[in-house]
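In our numbering, the protein residues as written are 2 to 226. A short worksheet on the structure shown next.
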Ligand code: CA
């Protein structure tokens, strides 16, 4: 799951990103409306957390422009306590929900979960495909009683594969989703993690394999229940 945070109060933006990362979301953070719009238009996010009062372009304008460009990413607006007008305006402009500052992290996470669920994404602690299961709370990959721990990147790559079994996922998609839209990570980083995952699949004795579509990407195949 990938979240975009658009907030100009740097301390708040960084705190938000940190909370989300600790809860295993991938996060991109930008600090003004113009960047918020550019990033949002890439349409790679599962949710956008958008402040209203922003330099260069305000949040309502960012939201309206995204919706006009048919970007339907769920948007959680951040508002100040007094801005009733803003809330109404925001919801009218296509926001899915809003959160009043200050807020506690539990509330933020609950709103994000609810918004990403509404989009129809699989929100679960465990993914299963054929003989393997991937567990989000323990970061483990298992087959029957055999299991291995995964690193964060391994987990994120496996999650993308297992949530879309037998679908070819381009290398760019992994990079966008896991390292970030403007990261300078190389394609061979993806290859390295894929090779780690293949070893781990073998280690637990799974029949599932990660197939390579040469020059394009990867997909999950095989295995018996
Ligand atoms: Ca602000």
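Glycine included, every Cβ here is placed at the ideal spot set by N, Cα and C. Just so it is clear, the structure is predicted and the values come from calculations on it, not from any experiment.
(request) May I have all residues whose beta carbon comes closer than 5 angstroms to any heavy atom of ligand 1, sorted in chain order? (result) 9, 52, 54
(request) Check the DSSP bridge columns for residue 220 and list the partner residues they point to. (result) 212
(request) Could you give the DSSP three-state label for residue 123: helix, strand or coil? (result) With a pLDDT of 48 at residue 123, under the threshold of 50, the modelled position of this residue cannot be trusted; read the value that follows with caution. Here residue 123 sits in coil by DSSP.
(message) Less than 8 angstroms between the C-beta atoms of residue 175 and residue 156, yes or no?
(response) no
(message) Please state the DSSP three-state secondary structure of residue 96.
(response) coil
(message) Mapping the DSSP letters down to three states, classify residue 130 as helix, strand or coil.
(response) Taken through DSSP and simplified to helix, strand or coil, residue 130 comes out as strand.
(message) Taking 8 angstroms as the limit between beta carbons, can you name the residues of its chain near residue 133, skipping five residues before and five after?
(response) If you ignore the 5 residues before and after residue 133, its C-beta comes within less than 8 angstroms of the C-beta of 142, 143, 144, 163, 202, 205, 207, 209, 224, all in its own chain and listed in chain order.
(request) Quick one: give me the first and last residue of the beta strand (DSSP E) that residue 40 is part of. (result) No beta strand (DSSP E) contains residue 40, which is instead part of the alpha helix (DSSP H) from 34-41.
(message) Below 8 angstroms, how does it come out for the region 61-71 and the region 90-98: are there three or more Cβ pairs, yes or no?
(response) yes
(message) Could you give the first and the last residue of the continuous beta strand (DSSP E) run that contains residue 49?
(response) 48-52
(request) Could you tell me the distance, in whole angstroms, from the CA atom of residue 170 to the CA atom of residue 85? (result) If I take the Cα positions, the gap works out to 43 angstroms.
(message) Is the beta carbon of residue 159 closer than 8 angstroms to that of residue 116?
(response) Cβ atoms of residue 116 and residue 159: not closer than 8 angstroms.
(request) Take residue 12 and list the residues in its own chain whose beta-carbon comes closer than 6 angstroms to its own, dropping the five residues that flank it on each side. (result) There are no such residues.
(request) Let me know the secondary structure DSSP gives residue 228 once reduced to three states. (result) Any property of residue 228 remains undetermined from this structure, which presents the chain solely from 2 to 226.
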